[in-house]
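Novice: In our numbering, the protein residues as written are 16 to 615.
We put the CB at the ideal spot given by N, CA and C, even for glycine.
Everything numeric in this text was worked out from a predicted model, so none of it was measured.
If you scroll down you'll find the structure; I have some questions about it.
Dropping the structure here:
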């Protein structure tokens, strides 16, 4: 085959990939073509591999989403698509050069353009994007299939990838359930915090205020009890940051941290800060934290917008890449990132047990959780975790999830020295365990002012930007005004959806035209700038369920079945969205009232 012909085949295939899977096309375009002669490359048999296809059938059965490990020359993929015309395929080829060789040798456009080839990922760096797409679309289960070549030579790798996929999906579903549980709290907090965020500095404004410092992050685990007196001694030498409920234990001992951090959005968090003393220190609050706390704290506040808070990002005009604090399932993660943002080069953890040493839940002095509830949680802790002394503590899934998230954070912040002084807590990968006595000797020569963070705010008072206030208010007002039109469009679409099942049986042409009209109306509804940040926050599970069905609706050829699916899934989602509009209007009106009350 001459070079010109190869280029033509490659460019035709690349055009098809660029159109449907631009991320995969970019990976291929970045490869060095000279390395394509890879001895590891493999060829699929040209004739149908009936034994392999039987194994595929046993794996797939009635499951609608299929993860295929390996692309090869596309022959196995084509056979699966032929055998299952109503399934969605998520295909991963780990070897970029194998894929480049295949698309340089064969015209694969009909395969690459097939609507049931739903996602294509090439190489390690795209595996998580494939996990995400599979998690969004799978319905309870995902079939896992591998090309014969990989079954024969990479069985261990396959097991590893399958485990990673299951782990990713578990985390994804856990996050979706959390969003679902707190969705109304989340959006209320975002909208009500908007006025405060327009009148206070963000953590970005305090960047590197304490270069080269040491920061102590105080959590509220039972080990804190033994070392709490040491906090008074380290305070003149290091930034003391109270994460979440640990503020209660500190104020009970007469200790005021340099900074308190609040993240939780539930009303129980209000109890943590119910005593006036808990609000005396400067407060760093997340954009989704409970608004009642910041309502009571009129000065010395600093805010941060979370990486997964799309509402605040949208209305405040913040690009996701500008967000300083990545969301973690624990306030300690936010406190650590804040310390690094402030310039700390060493972070010391205290009271970070992530387990129940001595069957205790919290340090003494914390009164926001009932004793019976604490006892019940400790009793149900069935897992074990290695502690800093090489023994084991009881723990639970929630704490292990936090532990994983923190260890990922330590790995991401590899230039920071992490020391764990938690006396009896879980051993944390990425940290060195040292007793507090030893850490004190390390920092004895360092110096931090008594009111270090409060002084910054007094010396550099925040200047309110009137133009920004008007801009943000205008954006919120625009959405509020649009709700009326949005409601009408939904009602018209739902009326048509109400008729299509009957029309599909009696008036097929009318039904076909109605489906085209519904698709156009739905496109108009979801194309609003505010739809994704608002509606996906308010109805995360419902949108997730519809996202699973949408591609199956798109490939359904039978008119009656298509009408039934639209009626069942889009009809349900449309009504759920409609039900939320009054609540949204109420929150937006209150957000504007709060912004109007800003005093220059």
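Identify, in the order they occur along the chain, each residue of the same chain with its Cβ nearer than 6 Å to the Cβ of residue 243, setting aside the five sequence neighbours on each side.
Specialist: Around residue 243: 268.
Novice: Per DSSP, what kind of secondary structure is residue 455 in: helix, strand or coil?
Specialist: Of the three classes helix, strand and coil, the one that applies to residue 455 here is helix, per DSSP.
Novice: For residue 91, count neighbouring Cβ atoms within 10 angstroms of its own Cβ and tell me buried if that reaches 16, exposed if not.
Specialist: So residue 91 ends up on the buried side.
Novice: Are there 16 or more other CB atoms within 10 angstroms of the CB of residue 501, so buried, or fewer, so exposed?
Specialist: Residue 501 is buried by the Cβ-count criterion.
Novice: Please name the residue in 583, 493, 579, 538 whose C-alpha comes closest to that of residue 560.
Specialist: Checking every option, the nearest Cα to that of residue 560 belongs to 583.
Novice: Would you tell me roughly how many angstroms separate the C-alpha atoms of residue 218 and residue 530, rounded to the nearest one?
Specialist: The alpha-carbon atoms of residue 218 and residue 530 are separated by roughly 49 Å.
Novice: What does DSSP give as the partner residue(s) for residue 80 in the beta ladder?
Specialist: DSSP output for residue 80 lists 103 as bridge partner(s).
Novice: From residue 388 to residue 423, what distance separates their C-alpha atoms?
Specialist: Annotation note: pLDDT 46 at residue 388 (below 50); position unreliable, coordinate value reported separately. Cα to Cα, the separation comes out at about 30 Å.
Novice: Looking only at its own chain, which residues have a Cβ that is under 8 Å from the Cβ of residue 204, when we skip the five neighbours before and after it?
Specialist: So the qualifying residues of the chain are 280, 302, 303, 304, 305, 306.
Novice: Return the first residue and the last residue of the alpha helix (DSSP H) that residue 111 is part of.
Specialist: 111 to 120 is the extent of the alpha helix (DSSP H) around residue 111.
Novice: For residue 177, which of 334, 189, 540, 143 has the nearest alpha-carbon?
Specialist: For the residues 334, 189, 540, 143, the minimum Cα distance to residue 177 belongs to 143.
Novice: How should residue 223 be labelled, buried or exposed, when 16 other C-beta atoms within 10 angstroms of its C-beta is the threshold for buried?
Specialist: It is exposed - the Cβ of residue 223 has fewer than 16 other Cβ atoms within 10 Å.
Novice: Could you check where the beta strand (DSSP E) with residue 435 kicks off and where it finishes?
Specialist: 432 to 435 is the span of the beta strand (DSSP E), which, as asked, contains residue 435.
Novice: Rank 216, 434, 489 by C-alpha distance to the C-alpha of residue 474 and give the top, closest one.
Specialist: Nearest of 216, 434, 489 to residue 474, Cα basis: 216.
Novice: Would you tell me roughly how many angstroms separate the C-alpha atoms of residue 458 and residue 445, rounded to the nearest one?
Specialist: Whole-angstrom Cα-Cα distance: 20 Å.
Novice: Looking only at C-alpha atoms, which of 212, 585, 610, 543 sits nearest to residue 321?
Specialist: The option with the nearest alpha carbon to residue 321 is 212.
Novice: Checking 9 Å against the spacing of the C-beta atoms, do residue 158 and residue 66 come in under that value?
Specialist: Not in contact: residue 158 and residue 66 (Cβ atoms no closer than 9 Å).
Novice: Identify whether residue 388 lies in helix, strand or coil by the three-state DSSP scheme.
Specialist: A caution first: residue 388 carries a pLDDT of 46, below 50, which makes its placement in the model unreliable, though a value can still be read off. Three-state result, residue 388: helix.
Novice: Taking the alpha-carbon of residue 313 as reference, which of 296, 93, 400 has the nearest alpha-carbon?
Specialist: Answer by Cα proximity: 296.
Novice: Taking only the alpha-carbon atoms, compute the straight-line gap between residue 522 and residue 578 and give it to the nearest angstrom.
Specialist: Looking at the two C-alpha atoms, the distance is approximately 12 Å.
Novice: Exposed or buried, which one is residue 311 when buried takes at least 16 other CB atoms within 10 Å?
Specialist: With fewer than 16 other Cβ atoms within 10 Å, it is exposed.
Novice: Return the CA-CA distance between residue 333 and residue 548, expressed in angstroms with no decimal places.
Specialist: Distance between the alpha carbons of residue 333 and residue 548 is about 13 Å.
Novice: How far does the beta strand (DSSP E) with residue 301 in it reach, from first residue to last?
Specialist: Segment 298 to 301, the beta strand (DSSP E) holding residue 301.
Novice: Just curious, the alpha helix (DSSP H) that residue 2 is in, first and last residue?
Specialist: Residue numbering for the chain in the displayed model covers 16 to 615; residue 2 lies beyond these limits and cannot be assessed.
Novice: Measuring CB to CB, does residue 173 end up less than 9 Å from residue 36?
Specialist: Not a contact, by the Cβ cut-off of 9 Å.
Novice: Assign residue 425 to one of three DSSP states: helix, strand, or coil.
Specialist: In the structure shown, residue 425 sits in a helix (DSSP, three-state: H, G or I).
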